[in-house]
Amino acid sequence: YEIKECDWSSDVCSSDLYGARRFILGLEGQTAPYRLGAWLNVNDHISSEVMLEAERWAQVAMTCEPVGENWRVRLYVDGQQVGEGMTEKLRVSDSVPDSLILGAEYFYLHCHYYRGLMGPVQVIERCLTSDEFVRLREM
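The opening position of the sequence shown corresponds to residue 78 in the numbering used here, with each subsequent residue numbered one higher.
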């Protein structure tokens, strides 16, 4: 699925949409262990079922695919699906600027900064399977 509303890598496309965020991937909690969390335009939230320990590298991923008028969101850690949910407030047809926030969010969710290092980052314009995430991790 290709998002065509605006350029994928930039977030504010219109002054009347200031503050809108389409996809946010972050950590929940002030200290380890953390949960992986996803916020969709800040209003919809999905959490991982597993905890992430400090001092350990983990491959984390989020997929978002349209299902009717909603988004199906899946969270992965080390190639294994650890969370899934459907948006209730963010619709596929909503005119929210395309954005993806990793690591730090300046305006919202200050408690969800990544604490540590971030390795290679990839943005892929389709939903991958668990097997594809495992292959990426092994590369």
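All C-beta atoms in this analysis are idealised placements derived from N, C-alpha and C, irrespective of residue type, glycine included.
Rounded to whole angstroms, A109 and N147 show a C-alpha spacing of 32 angstroms. Counting the other CB atoms within 10 Å of its CB gives N118 a total of 16 or more, which places it among the buried residues.
Going by DSSP, E215 is part of the alpha helix (DSSP H) stretching over S207 to E215.
Of the candidates G156, T140, C204 and N120, N120 places its Cα closest to the Cα of L167. Judged by beta-carbon spacing, V150 lies within the 8 angstroms limit of C141, meaning their Cβ atoms are closer than that value. R151: member of the beta strand (DSSP E) spanning N147 to V154, first to last residue. Looking from the CA of A115, the closest CA among A138, L194 and G145 belongs to A138. Under the three-state reduction of DSSP output, A131 falls in the coil class, being neither helix nor strand.
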